[in-house]
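Input: a single structure, listed below in structure tokens.
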Amino acid sequence: MNTIAPTPEAMPEGPVDCREAMSHLYRYIDNEMTLDELERMRTHLEKCSECHYEMITAQDLRRLLRRSCIERAPNELRKRVAAKIAELREEVTTPAS
Ligand SMILES: [Zn+2]
């Protein structure tokens, strides 16, 4: 039987596995978890370096996005974004008809 819920609101009972950790990653980052969930999430992240890495990455991204809305993006990032845009533009700017 298929028991996979599309977007589970709460984590199921028992230890958190990678799939659960990943599907609740943003709730963890955004502090939208209950203390119990938080605790179990932390337990998993402590022993699972893959999920821990995903969490750090997502957290950085979140922070970056949030900051870039408020302040101006740091120079380093602007340079990187500009380079990326130029790169994309070159691909797109093939002969315009
Ligand atoms: Zn994991």
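If you read the sequence shown in numbering that gives the first Met the number 0, its first letter stands for residue 0, the second for the next number, and so on.
Backbone N, C-alpha and C fix where the C-beta goes; we use that ideal spot for every residue, glycine too.
Counting C-beta neighbours from all protein chains within 10 Å, is the total for residue i 16 or more, i.e. buried, or is it exposed?
i   : result
A20 : buried
C50 : buried
R66 : exposed
L24 : buried
L44 : buried
V15 : buried
N1  : Reliability of the predicted coordinates at N1 is poor, the pLDDT of 49 falling under 50, and the value obtained from them is presented with this limitation in mind. Under this definition N1 is an exposed residue.
P5  : For P5, the predicted model reports a pLDDT of 47, less than 50, meaning its position is unreliable and no value from the coordinates is stated.
R62 : exposed
How about residue i: is its Cβ closer than 8 Å to a heavy atom in ligand 1?
i   : result
H43 : yes
E86 : no
E49 : yes
A20 : yes
D59 : no
D16 : yes
Report all residues from its chain with a CB closer than 6 Å to the CB of residue i; omit the five preceding and five following residues, and keep chain order.
i   : result
A85 : none
R79 : none
Q58 : I28
Once the 5 residues before and after residue i are set aside, which same chain residues still bring their CB inside 8 Å of it?
i   : result
P11 : E19
The stretch 50-66 / the stretch 12-31 touching (three or more Cβ pairs under 8 Å): Contact between the stretch 50-66 and the stretch 12-31 is present, because at least three Cβ pairs lie under 8 Å.
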